[in-house]
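Q: The following block contains the structure, expressed as structure tokens.
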């Protein structure tokens, strides 16, 4: 028995990597899914978007980059599809320069798929440095920060932006967060201008955002791959996130089993000593 | 054709990064350096085209094109004159690289620190501390057993965690008891954060393996 626990405690990390690799690959190849109920905070976010009047402006902020792409990109596409299907106008900007092209790629792809026109149904503003300054200035006049879109076209030349000046013209803000920009949106846009916000985030960031949801500072929270899978269920279009949940569950079981074995081994070895 | 080339580059770089799991090797190093280099150049381009060019040079360009170099000074308005402040502070910041006048960079740093502190304090008070305190003032009995239980957890966790960070008295007796409950809640929070972090990292792995199987290998068969 002692030998067994000694061997377990000295297990090569590469064997664990192999186990994780197999645990991810097999469910993806077999494409077996299972049913689960969407989380309440995701359902609230979905219902809020459903309740918006047609033609409302939605500000989408890209605050992640390629390192968080698997978690947030599928959700961005699903949400953009949902926004366009509801005939909502999309104004996209971002605070992470390395991630903005990802937002632009998704926006152009979904807009083309849904037959939406640039400047009328959607616009891509791009990036300005200084997160807090940008957020606060949008509260006064968006042209103070973005006088032109990413192509250099003046905002007044774009029909979608003619009547958009500040947060009072924006029905909803959706932040795609892989860092702390979500805190800025809540602390400045929501607290000062009462902007309605839905935050979607990587799983790492999600625990830090729950207090905002509990305090009703945000109207919805979509966290990690699970949140994305929930949203795919709600819009009735199961995709990558839903497919990934089986792999996610199997890996969680493997990790819990490894933690348990490690702890049992540690306790057993201590007793022997 | 170009899509296929980029697909292979992406797959090759993914495999090169994964090779680190076995041990450090030249393929990993190459991929790492490509990432750092391309990210740095991308940052530079973005800052230039989305900030320096339209926000700093743009307002001067318009007047310059209309009146020429010597004529433009007389036609500068508030928009142009105010830009000399950030330009001056930017130059101060760059002077860090010239030792005899490096001290001037402190002016720019002082401006940034002062502004960040002002924004941080007001933002934290207005957007975090006050709303979060309000959200803790919950009824112990709400009429529903589960909600009441959740409310009690929130109230007890907030109070005991605050007691844990109260260092003016030694953690003994009642204070010590509350502090122990507080640290238990903190540990539970750390556990939740760790669980979410594992979930995030696995999601990234799922994304990459999905890419390798369905996009890269899928394009071959």
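Chains as they are written, first to last, in the working numbering: chain Y, 1473 to 1745; chain G, 26 to 246. Beta carbons: idealized from backbone N, C-alpha and C, even for Gly. As the structure is a prediction and not an experimental result, all values here were calculated from the model.
Can you pull the chain Y neighbours of residue 33 of chain G, defined as C-beta to C-beta under 7 angstroms?
A: Within chain Y, no residue comes near residue 33 of chain G; the closest Cβ sits about 17 angstroms away, beyond 7 angstroms.
Q: Just checking my contact of residue 1662 of chain Y with residue 1689 of chain Y at CB under 8 angstroms: how many whole Å lie between their CB atoms?
A: Their Cβ separation, rounded to whole angstroms, is 5 angstroms, which keeps residue 1662 of chain Y and residue 1689 of chain Y in contact under 8 angstroms.
Q: Which runs of the alpha helix (DSSP H) spanning at least 4 residues fall entirely within the segment 149-201 of chain G, listed in chain order?
A: Those alpha helix (DSSP H) runs which fall completely within the segment 149-201 of chain G and span 4+ residues are 155-161, 170-189.
Q: Starting from the beta carbon of residue 1659 of chain Y, find every residue of chain G whose beta carbon is closer than 8 angstroms, and list them in chain order.
A: Simply 148, 149, 151, 152, 153.
Q: Along the segment 162-177 of chain G, where does the CB come closer than 8 angstroms to a CB of chain Y? Name the residues.
A: Result list empty, no residue passes.
Q: Run down chain G in chain order and give the residues with a C-beta less than 9 angstroms from the C-beta of residue 1502 of chain Y.
A: Simply none; closest approach about 12 angstroms.
Q: Measuring only the C-alpha atoms, how far is residue 1694 of chain Y from residue 135 of chain G?
A: Between residue 1694 of chain Y and residue 135 of chain G, the C-alpha separation is close to 38 angstroms.
Q: Rank Y:1588, Y:1511, Y:1592, Y:1532 by C-alpha distance to the C-alpha of residue 1468 of chain Y and give the top, closest one.
A: This structure cannot speak to residue 1468 of chain Y, because chain Y is shown only from 1473 to 1745.
Q: Can you give, in chain order, each stretch of the beta strand (DSSP E) that sits fully within the segment 1646-1717 of chain Y and has at least 3 residues?
A: Fully enclosed beta strand (DSSP E) runs of 3 or longer: 1669-1673, 1692-1695.
Q: Is residue 1551 of chain Y closer than 8 angstroms to residue 1738 of chain Y when the C-beta atoms are compared?
A: No, the pair does not count as a contact, with Cβ atoms beyond the cut-off.
Q: Anything in the segment 91-120 of chain G with a Cβ closer than 9 angstroms to a Cβ of chain Y? List those residues in chain order, please.
A: Cβ contacts with chain Y: none found.
Q: I'd like to know if residue 1678 of chain Y contacts chain G, where contact means its C-beta is closer than 8 angstroms to some C-beta of that chain.
A: Interface residue, yes.
Q: Do the segment 1545-1561 of chain Y and the segment 1617-1627 of chain Y meet, that is, are 3 or more Cβ pairs less than 8 angstroms apart?
A: The answer is no - the segment 1617-1627 of chain Y does not touch the segment 1545-1561 of chain Y, with fewer than three Cβ pairs under 8 angstroms.
Q: Please classify residue 1563 of chain Y: does DSSP put it in a helix, a strand, or coil?
A: Looking at residue 1563 of chain Y - three-state DSSP - the assignment turns out to be strand.
Q: Between the alpha carbons of residue 1730 of chain Y and residue 214 of chain G, how many angstroms are there, rounded?
A: So the alpha carbons of these two residues sit roughly 21 angstroms apart.
Q: Once you ignore the five residues that flank residue 1540 of chain Y on each side, which residues in its own chain have a CB closer than 6 angstroms to its CB?
A: So the qualifying residues of the chain are 1650, 1674.
Q: Rounded to whole angstroms, what's the CA-CA distance from residue 1601 of chain Y to residue 1637 of chain Y? Just pull it up for me.
A: Distance between the alpha carbons of residue 1601 of chain Y and residue 1637 of chain Y: 20 angstroms.
Q: For residue 1505 of chain Y, does the three-state DSSP call read helix, strand or coil?
A: In this structure, residue 1505 of chain Y counts as coil in the three-state DSSP scheme.
Q: Near residue 1668 of chain Y, which residues of its chain fall below 6 angstroms by C-beta distance, leaving aside the five closest residues on each side in sequence?
A: Same-chain partners within the cutoff: 1644, 1691.
Q: With 8 angstroms set as the bound, which would you pick, yes or no: does the beta-carbon of residue 1667 of chain Y sit closer than that to a beta-carbon of chain G?
A: Cβ-Cβ to chain G under 8 angstroms: no for residue 1667 of chain Y.
Q: Using a Cβ cut-off of 8 angstroms, pull out every chain G residue sitting near residue 1516 of chain Y, in sequence order please.
A: By Cβ distance, chain G contributes nothing, its closest Cβ being about 16 angstroms from residue 1516 of chain Y, past 8 angstroms.
Q: Measure from the C-beta of residue 59 of chain G to each C-beta in chain Y and report whether the shortest distance is under 8 angstroms.
A: Not closer than 8 angstroms to any Cβ of chain Y, the Cβ of residue 59 of chain G fails to qualify, so no.
Q: Suppose the cutoff is 7 angstroms on Cβ atoms and the five residues either side in sequence are ignored; what does the same chain contact list for residue 1596 of chain Y look like?
A: So the qualifying residues of the chain are 1564, 1576, 1579, 1621, 1622.
Q: What are the partner residues of residue 1529 of chain Y, as DSSP defines its beta bridges?
A: In the DSSP output, where bridge partners are listed per residue, residue 1529 of chain Y has Y:1561.
Q: For the alpha helix (DSSP H) that residue 236 of chain G lies in, which residues bound it at each end?
A: Run containing residue 236 of chain G: none; DSSP gives neither H nor E here.
Q: Compare the C-beta of residue 224 of chain G against all C-beta atoms of chain Y and say whether one is closer than 8 angstroms.
A: Yes, because at least one Cβ of chain Y sits closer than 8 angstroms to the Cβ of residue 224 of chain G.
Q: Between residue 193 of chain G and chain A, is the shortest Cβ-Cβ distance under 8 angstroms, so that the two count as touching?
A: Considering every chain present, this structure includes no chain A. Its protein chains are Y and G.
Q: Do the segment 1708-1717 of chain Y and the segment 1513-1530 of chain Y make contact, defined as three or more Cβ pairs closer than 8 angstroms?
A: Contact between the segment 1708-1717 of chain Y and the segment 1513-1530 of chain Y is absent, because fewer than three Cβ pairs lie under 8 angstroms.
Q: Of all Cβ atoms in chain G, is any one closer than 8 angstroms to the Cβ of residue 1576 of chain Y?
A: It does not; no Cβ of chain G falls within 8 angstroms.
Q: Name the residues in the segment 64-94 of chain G whose C-beta lies less than 8 angstroms from a C-beta of chain Y; which are they?
A: Hits within the stretch, in order: 64, 67, 68, 71, 72, 75, 76, 79, 80.
Q: Determine the extent of the beta strand (DSSP E) in which residue 1599 of chain Y is found, giving its start and end residues.
A: Run containing residue 1599 of chain Y: 1594-1599, per the beta strand (DSSP E) assignment.
Q: Using CA coordinates, which residue listed in G:153, G:37, G:173 is at the minimum distance from residue 1655 of chain Y?
A: Minimum Cα distance to residue 1655 of chain Y is reached at G:153.
Q: In chain Y, which residues lie with their C-beta within 8 angstroms of the C-beta of residue 217 of chain G?
A: The contacting residues are 1679.
Q: Assuming residue 1631 of chain Y and residue 1591 of chain Y make a contact with CB atoms under 8 angstroms, what is their CB distance in whole Å?
A: Right, the Cβ-Cβ distance comes to about 6 angstroms (below 8 angstroms), so this counts as a contact.
Q: Which of helix, strand or coil does DSSP assign to residue 1524 of chain Y?
A: Reduced to three states, the DSSP call for residue 1524 of chain Y is coil.
Q: Mind checking the segment 38-57 of chain G against chain Y and listing, in chain order, the residues whose C-beta falls within less than 8 angstroms of any C-beta there?
A: For the segment 38-57 of chain G, which is checked against every Cβ of chain Y, the residues closer than 8 angstroms are 46, 47.
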